[in-house]
Amino acid sequence: MKIALSLLLTAILTNNFILCKFLGICPFLGVSKKLNTAVGMSAAVIFVMVLATAVTYPINLLLKANSLEYLQTIVFILVIAALVQLVEIVLKKYMVSLYNALGIYLPLITTNCAVLGVVLLNIDNGYNFWQSIVYSLGGGIGFMVAMVMFAGVRERLEGCDIPKALQGLPITLVAASIVSMSFLGFAGLVDNMFA
Amino acid sequence: MAEKKSIGKEFTKGLVAENPVFRLVLGTCPTLAVSTSVSSAIGMGIAATAVLVCSNIVISALRKVIPQKVRIPAYIVIIASFVTIIQLLVEAFVPALDSALGVYLPLIVVNCIILGRAEAFASKNSVLASAVDGLGMGIGFTAALFLMSTVREILGSGTFLSGIKDLLAVFSGDIQFNGFTIPFLNENPLTIFVLAPGGFFVFGIMIALSNKLAERNGKPKAELNGCASCPMASSCALIADGKKCEEADAK
Amino acid sequence: MKKFNLKDILIPTVSLFLICAVATALLGLTNSVTEKKIQEVAAQSAAEARLRVCENAENFDEKTDKNGNTYFEAKDKNGETVGFAITTEDKSYGGKIEVMTGFSADGKITGVEILTIDDTPGLGMNAKKESFRNEYLGKTGALTVSKSASADNEIQALTGATITSNAVTRCVNTATEICENALGGENNG
Numbered sequence: 001m002k003i004a005l006s007l008l009l010t011a012i013l014t015n016n017f018i019l020c021k022f023l024g025i026c027p028f029l030g031v032s033k034k035l036n037t038a039v040g041m042s043a044a045v046i047f048v049m050v051l052a053t054a055v056t057y058p059i060n061l062l063l064k065a066n067s068l069e070y071l072q073t074i075v076f077i078l079v080i081a082a083l084v085q086l087v088e089i090v091l092k093k094y095m096v097s098l099y100n101a102l103g104i105y106l107p108l109i110t111t112n113c114a115v116l117g118v119v120l121l122n123i124d125n126g127y128n129f130w131q132s133i134v135y136s137l138g139g140g141i142g143f144m145v146a147m148v149m150f151a152g153v154r155e156r157l158e159g160c161d162i163p164k165a166l167q168g169l170p171i172t173l174v175a176a177s178i179v180s181m182s183f184l185g186f187a188g189l190v191d192n193m194f195a
Numbered sequence: 196m197a198e199k200k201s202i203g204k205e206f207t208k209g210l211v212a213e214n215p216v217f218r219l220v221l222g223t224c225p226t227l228a229v230s231t232s233v234s235s236a237i238g239m240g241i242a243a244t245a246v247l248v249c250s251n252i253v254i255s256a257l258r259k260v261i262p263q264k265v266r267i268p269a270y271i272v273i274i275a276s277f278v279t280i281i282q283l284l285v286e287a288f289v290p291a292l293d294s295a296l297g298v299y300l301p302l303i304v305v306n307c308i309i310l311g312r313a314e315a316f317a318s319k320n321s322v323l324a325s326a327v328d329g330l331g332m333g334i335g336f337t338a339a340l341f342l343m344s345t346v347r348e349i350l351g352s353g354t355f356l357s358g359i360k361d362l363l364a365v366f367s368g369d370i371q372f373n374g375f376t377i378p379f380l381n382e383n384p385l386t387i388f389v390l391a392p393g394g395f396f397v398f399g400i401m402i403a404l405s406n407k408l409a410e411r412n413g414k415p416k417a418e419l420n421g422c423a424s425c426p427m428a429s430s431c432a433l434i435a436d437g438k439k440c441e442e443a444d445a446k
Numbered sequence: 447m448k449k450f451n452l453k454d455i456l457i458p459t460v461s462l463f464l465i466c467a468v469a470t471a472l473l474g475l476t477n478s479v480t481e482k483k484i485q486e487v488a489a490q491s492a493a494e495a496r497l498r499v500c501e502n503a504e505n506f507d508e509k510t511d512k513n514g515n516t517y518f519e520a521k522d523k524n525g526e527t528v529g530f531a532i533t534t535e536d537k538s539y540g541g542k543i544e545v546m547t548g549f550s551a552d553g554k555i556t557g558v559e560i561l562t563i564d565d566t567p568g569l570g571m572n573a574k575k576e577s578f579r580n581e582y583l584g585k586t587g588a589l590t591v592s593k594s595a596s597a598d599n600e601i602q603a604l605t606g607a608t609i610t611s612n613a614v615t616r617c618v619n620t621a622t623e624i625c626e627n628a629l630g631g632e633n634n635g
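And the structure:
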């Protein structure tokens, strides 16, 4: 339990996927303009991340048993792409309300490096099945925390008087830098809590 | 339209006018993540360029064979194979680079520059033009990484080209040159620049500078149009209101 | 319902399958070429690291102690034991950390090498710097990390990277235990 909680907090705060590991920057900059899109997108990311981890974990064992580890990248990206499509079809058919909420973000997730990233990091870090699931869940929640916080920051930026050259993307990045700086404050938190 | 351009133009457009990082705002994740040191940035640039050129050539050569319906999965398979090949080669011949890039080496697969060029350029143009386009874009990517990492490494670590010996070891193990140490900054580095916030900050300033330059030349400034530059845009309902990937690219 | 057309399904499936088959074949080929080289490189870098932590050694014998830990006994050219090289791993800030510690024949630390580390550049990555690694030299017994190293068995923490400093020290302490077991075993036998 302690391990699970520390893994979860590490992934959400100290090793936030977007703000500390630079995974999933495209949606972070692209879809964080409005709060409700940010929430929808992150909910879809959490869902796909956990599902992808659950599916790739046994596949990795299979690859390892046949010493085919070098096929990891190609197999995982295809599994994620197929999974995203499958989820989309299933949701469309059986869970229309959920599809309406998340569906439009799903195709974007295939090429989201946070999803492939979490799958590869789970393997690199040698987590077991449950640890992997918890880590993915934490990574996804961390993604959501960063997206939602940043959507708030950007809404406040809208009406500001900004030097011309900095308008648009540059000021967004500078704002991201400050948000990311605040997350540096979490470093050490988890280990000191569970030490 | 693109067919009429000379090969030279296909090459140079990726360097400045359509620089993938500063103008098209693609591949932001690796740009921010590996630009903490110049040598890993160069390594990442070369690896991504190699993948980009190879995948552009193959996708362009197969552009009439790959059925429209399954083109995205087909591109992903092709790109992922080249990434794995490069990954294995790096592991075997430049192990130091493999440990420096870590998870970001296999993540070249989802680098939007590569899938983006496959979808926007290689699937419509001749093999030669696609190869040159890939090379230009790759070098543009490498140059952008080089710029970013130069600023971050000098200010953040007080060194320049530190660890380059491990990269040069591919050519000869006898090279002793291992970068410069910047006096004063090395003893008192502004560590924040190699940390995550410094990455966002330097990138923001770089985009601002490139916008300023573009403005002087009467070009529009770089902007991330929601996800119009994303290679999956054409199959994405978010921008189904007519704003398609192709339009974003057709200039 | 749209009319179900076999050709519409078959052609994309077959072509995608062919692309996958060719891709996998190419990867298998590359792997068969590079696999041996990758193992060689790993073995070579481990051997080089062993030489760095045990300077006087000529060659190393791989041994396993009664607890199942692997360690390397360093021998000089006369076959005398001059020290030990022990690799240990622990969890650090960015994930796994792997440290090789070298000991002299009387159990003093002669070298510390960071083999694997995935950490924040500029903070935790400073563990690779010689100034930090040299703090361990000549020490014995269980070590602790502190902000200002005053006692003999204290290591000064890296600025802003206490977790990493702790992880490296835990690795070294584990290695010290293995080394003491190895030394003890020899004295008894």
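Protein chains in written order, with this note's numbering: chain R, 1 to 195; chain A, 196 to 446; chain Z, 447 to 635. Ideal Cβ positions, reconstructed from N, Cα and C, are used throughout, including at glycine. None of these values were measured; they are calculated from a predicted model.
For residue i, I'd like the list of residues in its chain whose CB is within less than 7 Å of its CB, leaving aside the five on either flank, ordered along the chain.
| i | result |
| --- | --- |
| V233/A | F341, S344, T345, E348, F355, L356 |
| V55/R | V79, L83 |
| A245/A | I281 |
| T562/Z | K542, I543, E544 |
| L116/R | F76, I77, I80 |
Per DSSP, what are the beta-bridge partners of residue i in this structure?
| i | result |
| --- | --- |
| L604/Z | A607/Z |
| C506/Z | A small correction: the amino acid at residue 506/Z is Phe; Cys does not occupy that position in the sequence shown. For F506/Z, which the question treats as bridged, DSSP gives the partners A520/Z. |
| M546/Z | T533/Z, E559/Z |
| S592/Z | Q602/Z |
| F47/R | BP columns for F47/R are empty, so no partner. |
| F191/A | Summary: the structure shown does not reach residue 191/A, with chain A confined to residues 196 through 446, and so no result is reported for it. |
Excluding five sequence neighbours on each side, which residues of the same chain lie with their C-beta closer than 6 Å to the C-beta of residue i?
| i | result |
| --- | --- |
| I241/A | none |
| A621/Z | I532, T534, T547 |
| D328/A | E205, F316 |
| N612/Z | V591 |
| G209/A | G331, M332, G335 |
| P170/R | none |
| I59/R | none |
Which of helix, strand or coil does DSSP assign to residue i?
| i | result |
| --- | --- |
| T566/Z | coil |
| L231/A | Sequence check: residue 231/A is Thr here, not Leu. Residue state, collapsed to three classes: coil. |
| S538/Z | strand |
| F463/Z | helix |
| F186/R | coil |
| T586/Z | coil |
| V528/Z | strand |
| F217/A | coil |
| K482/Z | helix |
| C500/Z | coil |
| K360/A | helix |
| C422/A | Note that C422/A scores 47 on pLDDT, short of 50, meaning its location in the model is unreliable; the coordinates nonetheless yield the value given after this. Note: C422/A maps to coil in three-state DSSP. |
What residues of chain Z sit near residue i, judged by a beta carbon separation below 7 Å?
| i | result |
| --- | --- |
| K264/A | P458 |
| V260/A | S461 |
Going along chain R in order, which residues have a C-beta closer than 9 Å to the C-beta of residue i?
| i | result |
| --- | --- |
| G358/A | Neighbours of G358/A on chain R: none; closest Cβ ~20 Å, over 9 Å. |
Could you work out which residues of chain R lie near residue i, taking near to mean beta carbons separated by less than 7 Å?
| i | result |
| --- | --- |
| C307/A | C26, T111 |
| K407/A | A165 |
For the ligand HEM, any of its heavy atoms closer than 7 Å to the Cβ of residue i?
| i | result |
| --- | --- |
| S321/A | With respect to the ligand HEM, the structure offers nothing, as it holds no ligand at all. |
Quick one: list the residues of chain Z neighbouring residue i, beta-carbon separation under 8 Å, in chain order.
| i | result |
| --- | --- |
| N125/R | G541, K542 |
| I74/R | A469, T470, L473 |
| S232/A | P567 |
Taking 8 Å as the limit between beta carbons, can you name the residues of its chain near residue i, skipping five residues before and five after?
| i | result |
| --- | --- |
| K264/A | none |
For residue i, return the contacting residues in chain R, with the cut-off set at a CB-CB distance below 8 Å.
| i | result |
| --- | --- |
| N477/Z | Y70 |
| K414/A | The contacting residues do not exist; K414/A stays about 13 Å from chain R at best. |
Give the residues of chain A in contact with residue i, contact being defined as C-beta atoms less than 7 Å apart.
| i | result |
| --- | --- |
| K483/Z | A287 |
Along chain A, in chain order, which residues have C-beta atoms closer than 8 Å to that of residue i?
| i | result |
| --- | --- |
| C466/Z | V272 |
Quick one: which chain A residues come within Cβ less than 9 Å of residue i?
| i | result |
| --- | --- |
| D564/Z | S294, G297, V298 |
Name the chain Z residues whose beta carbon is nearer than 9 Å to that of residue i?
| i | result |
| --- | --- |
| G351/A | P567, G568 |
| V389/A | T566, P567, G568, L569, M571 |
Enumerated in chain order, which unbroken segments of the alpha helix (DSSP H) with a length of 4 residues or greater are wholly contained in the segment 265-349 of chain A? 266-288, 290-296, 307-312
Listed in chain order, which residues of the segment 274-300 of chain A have Cβ atoms closer than 8 Å to some Cβ of chain D? Of the protein chains in this structure, namely R, A and Z, none is chain D.
Report the start-end ranges of each alpha helix (DSSP H) in the segment 12-38 of chain R that is 4 residues or longer and not cut off at the edges. 25-30
Report the start-end ranges of each beta strand (DSSP E) in the segment 102-167 of chain R that is 3 residues or longer and not cut off at the edges. none
Counting only runs of 4+ residues fully inside the segment 366-409 of chain A, write out the alpha helix (DSSP H) ranges in chain order. none
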